[in-house]
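Okay, so here's the structure we're looking at.
Protein chains in written order, with my numbering: chain E, 1 to 679; chain X, 1001 to 1207.
Encoded structure:
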């Protein structure tokens, strides 16, 4: 195509130089007298575009170069012949409209040179669409002027057209007020072509919010409408609650503090990098996605939103150097200001009994007692992804500790995610498992540093991903819900917050046979804890909540058993402890210290039965990745949330069964510690 | 099973760390074979814990990924374990030569930080941990700072920092590797403090 145009242009140029100037004869050697012919041409004004094609008598196409001022058709006509010049193809780049005057007539006895072609450059309008606007006062500009007030969502068009070939640049000189929105422009600049510009997108909402079914599940991803954490009514309430004033520490492999959808919520200078001691923990990829689930900024025209889109964020990239010392540091760093600490990590989900360090437990105790100026930092902990091992969250000495909330995961249908671990220690679940490539939409490391390489079915914009999942995603979603609750009632202590979450949780997957009502009148389930966190219900409850009384703890003496556990025997060994005078009318958590030994702990089922009859299945027969041989300590601490609200006094029974052949062991002793309040 | 090994724990004093004799651990029914045999004891608060030495692994701390690893130079066949991140790299050797490779790595770069690698179970796949250096000591709550300082000096140790996770919890400096475990056990067993434990690097995973 380029070659043909070049030849045509050369021909036209040659004709300008040598085709005009007088009559010419027909073919040489003819005996008939030559019939004189005459050239047909004229002048051109204003031609700057390319591709103009003139036509003579419906043929004789003549390409005309930009900036030409004259033209002559190659075809010559005899005297008396009619001529009619016209425009076959208009010029483009810039788009022009060329018109012909004096373009027709009859050839006389001289060349025709009076045809005029006049070209003018076309103008086009600049416009697009505004979306997500809820505030007022938004003004758009084009090329630094042409102010255009925007009254609402929908199409807009600047009144001043722009010449084809000129540039345009749409900006937002005045952001809307009232809803604290930040509108951003995409496809806002370029060069005007041959038509109106209609694709400028001004987004004042969160363009990916429609994909965030975990925040508002309408069934858009094939799930069940309503199976979400119900944050939208809280955001839209008057006054709106979005986590303002609540700080969330993301303890992970890093946090990209300059990410476009996180930076507005990041507290400057308060993060920590364990690699170099600076306040910039930008590293890894996991923590940036975790952060977005909790607190990606809303109403900025970028990405989606976090559950608490106006909460503050700090990042501690502990996983880059996870030592006992750094672990303790990360749990307590600036604890006075940290409302919630999210931890989407833990021991390998391999089915083994992986304990926690005393220093870590000391740090958690410090955080709950001194954090948030004495009300206690709330620790959300991913319950574990070993659901198919099957691992159990109670084999994780961090997730089963009383100072943390073990967060499990459900799918977009409200049913347990296949990877989510069971456990008597589970507190609440949140959604994280999608279907058909629609997992959790959240922030991703800018560019291709994260999970998304910009390849479908993930987003073309690699700053975001729709593939995040696991209890890693469930935990920060709970942290976001907690931020909303703590904005609604910042006076809640860490213990009150836990009870509020439990009491307001939604009983999901009602058909699951594991649901029971415990002696404290709480629905409880080894798959789901107290159910799925419901932000709207939790906030409503928090607003009228009266803090519970002082914490009381009671530790029983150690009960010695020293009995062999019958191999492959459903009866097992049972032992009871009678609790009296504990002073605990309402349990908040129970720690069970089991001392024993076994050559393959995966053979063991361990069940605690409360005086109320409520059971806590602490260990279940399972495999371990690589085998369940050996444990670091013969004393194992389990945790149970399942006795919330029950009284501590009465007979507690621990039954230990070996339900698989060959390996054997001993039930040596056990002990209980209750945490709760008088009533 | 791994029986209680407290009675087998050597009194360490200032002597070299001695591995605890492996108790009868006879894996049966073919579920998995115990791959690791040499065990050590450490104290996590009041609780005694066992770790299994993995002779096929070594840990290297603080070597940025873009710099040549001393372990890799000492043992070119070493392969980084999946999940190595940040400051810690766990190298898998093509044999059980950890002790030899650690010596060679120290020769290549004496300033580097290296450690044997332990597991929380006798299986190779159990959670791994290593010793980047340092001991965490819970001093008795009624000790004054000057008492702590004087005692530390008397032991030829120095304080790295105080941990604000309880009364009188300090991090003392030690060399990486066995020196940290040995020092922690020696302090713990002295009975002078509430407890002492090594500053462990521990394997974790994102979820």
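Quick reminder that beta carbons are idealized off the backbone N, C-alpha and C, glycines included.
Residue i (DSSP reduced to helix, strand or coil)
i, result
"residue 402/E", "coil"
"residue 679/E", "coil"
"residue 265/E", "helix"
"residue 669/E", "strand"
"residue 35/E", "coil"
"residue 1186/X", "helix"
"residue 586/E", "strand"
"residue 327/E", "helix"
"residue 361/E", "helix"
"residue 1043/X", "strand"
"residue 1027/X", "A caution first: residue 1027/X carries a pLDDT of 38, below 50, which makes its placement in the model unreliable, though a value can still be read off. Residue 1027/X: coil per DSSP, three-state reduction."
"residue 445/E", "coil"
"residue 1207/X", "coil"
"residue 26/E", "Confidence at residue 26/E is low in this model, with a pLDDT of 47, below 50, so the placement of that residue should be treated as unreliable; the coordinate-derived value is given next. Reduced to three states, the DSSP call for residue 26/E is coil."
"residue 700/E", "The requested residue 700/E does not occur in the structure, where chain E is confined to residues 1 to 679."
"residue 1198/X", "strand"
"residue 663/E", "coil"
"residue 1165/X", "coil"
"residue 674/E", "strand"
For residue i, the first and last residue of its enclosing alpha helix (DSSP H)
i, result
"residue 471/E", "471-488"
"residue 76/E", "Note, residue 76/E: premise wrong, no alpha helix (DSSP H); not H, not E."
"residue 251/E", "Careful: residue 251/E lies outside any alpha helix (DSSP H), inside the beta strand (DSSP E) at 247-251."
"residue 1192/X", "Note, residue 1192/X: premise wrong, no alpha helix (DSSP H); not H, not E."
"residue 378/E", "Where residue 378/E is concerned, there is no enclosing alpha helix (DSSP H), although the beta strand (DSSP E) it sits in stretches over 378-382."
"residue 539/E", "535-543"
"residue 216/E", "Premise fails: residue 216/E is in no alpha helix (DSSP H) and is neither H nor E."
Whether residue i touches residue j by CB criterion (8 angstroms)
i, j, result
"residue 531/E", "residue 644/E", "no"
"residue 1121/X", "residue 255/E", "no"
"residue 214/E", "residue 252/E", "no"
"residue 484/E", "residue 241/E", "yes"
"residue 184/E", "residue 301/E", "yes"
"residue 409/E", "residue 429/E", "yes"
"residue 44/E", "residue 75/E", "no"
"residue 518/E", "residue 402/E", "no"
Spatially closest choice to residue i from the options, by CA coordinates
i, options, result
"residue 1184/X", "1205/X, 1207/X, 1155/X and 1166/X", "1155/X"
"residue 222/E", "433/E, 145/E and 100/E", "433/E"
"residue 1182/X", "1043/X, 1124/X and 1037/X", "1043/X"
"residue 676/E", "597/E, 555/E, 356/E and 353/E", "555/E"
"residue 164/E", "94/E, 216/E and 428/E", "94/E"
"residue 89/E", "658/E, 350/E, 364/E and 49/E", "49/E"
"residue 306/E", "473/E, 655/E and 538/E", "473/E"
"residue 151/E", "633/E, 130/E, 618/E and 660/E", "130/E"
"residue 1090/X", "1118/X, 1169/X and 1175/X", "1118/X"
"residue 320/E", "348/E, 350/E and 273/E", "273/E"
"residue 1130/X", "1146/X, 1113/X and 1137/X", "1113/X"
"residue 615/E", "425/E, 627/E and 344/E", "425/E"
"residue 342/E", "330/E, 351/E, 105/E and 574/E", "330/E"
"residue 507/E", "415/E, 470/E, 562/E and 580/E", "415/E"
"residue 266/E", "378/E, 219/E and 280/E", "280/E"
"residue 1151/X", "1168/X, 1164/X and 1163/X", "1168/X"
"residue 257/E", "435/E, 489/E and 297/E", "297/E"
Beta strand (DSSP E) segment containing residue i, residue limits
i, result
"residue 618/E", "615-619"
"residue 294/E", "No beta strand (DSSP E) contains residue 294/E, which is instead part of the alpha helix (DSSP H) from 286-295."
"residue 1058/X", "1047-1061"
"residue 1148/X", "Residue 1148/X -> not in any beta strand (DSSP E); alpha helix (DSSP H) instead, spanning 1145-1154."
"residue 683/E", "Residue numbering for chain E in the displayed model covers 1 to 679; residue 683/E lies beyond these limits and cannot be assessed."
Give, in chain order, every residue of the segment 372-405 of chain E whose Cβ lies closer than 7 angstroms to some Cβ of chain X. Those residues of the segment 372-405 of chain E that come within reach of chain X (Cβ to Cβ, closer than 7 angstroms) are 382, 384 and 385.
Using a Cβ-Cβ cut-off of less than 7 angstroms, give me the residues of the segment 297-329 of chain E that come near chain X, in sequence order. Contacts with chain X (Cβ-Cβ distance below 7 angstroms) from the segment 297-329 of chain E involve 319, 320, 321, 322, 323, 324, 325 and 328, listed in chain order.
Taking a cut of 8 angstroms between CB atoms, which residues from the segment 1083-1096 of chain X lie near chain E? Of all residues in the segment 1083-1096 of chain X, 1085, 1086, 1087 and 1088 have a Cβ within less than 8 angstroms of some Cβ in chain E.
Contact list for the segment 631-657 of chain E against chain X, Cβ threshold 8 angstroms: For the segment 631-657 of chain E, the set of residues with a beta-carbon nearer than 8 angstroms to any beta-carbon of chain X comprises 631, 632, 633, 634 and 635, in chain order.
Which residues, taken in chain order from the segment 1160-1189 of chain X, show a beta carbon closer than 9 angstroms to some beta carbon of chain E? Of all residues in the segment 1160-1189 of chain X, those with a C-beta nearer than 9 angstroms to a C-beta of chain E are 1160, 1161, 1163, 1164, 1165, 1166, 1169 and 1171, reading in chain order.
Got a sec: which bits of the segment 360-371 of chain E sit with their beta carbon under 7 angstroms from any beta carbon on chain X, in order along the chain? Residues 362, 363 and 366.
Short of 7 angstroms Cβ to Cβ, which residues in the segment 1106-1130 of chain X face chain E? Residues 1120, 1121, 1122, 1123, 1124, 1125, 1126 and 1127.
Output needed in chain order: residues of the segment 419-432 of chain E with a Cβ under 7 angstroms from some Cβ in chain X. So the list is empty, because no residue satisfies the distance condition.
For the segment 612-631 of chain E, list every residue whose C-beta sits within 9 angstroms of some C-beta in chain X, in sequence order. Cβ contacts with chain X come from 623, 624, 625, 626, 627, 628, 629, 630 and 631.
Listed from N- to C-terminal order along the chain, which residues in the segment 264-282 of chain E have their beta-carbon within a distance smaller than 9 angstroms of any beta-carbon of chain X? Within the segment 264-282 of chain E, the residues whose Cβ lies closer than 9 angstroms to some Cβ of chain X are 274 and 275, listed in chain order.
Mind listing which residues of the segment 125-147 of chain E have their C-beta closer than 7 angstroms to chain X's C-betas, in chain order? Identification of residues in the segment 125-147 of chain E having a C-beta nearer than 7 angstroms to some C-beta of chain X yields an empty set.
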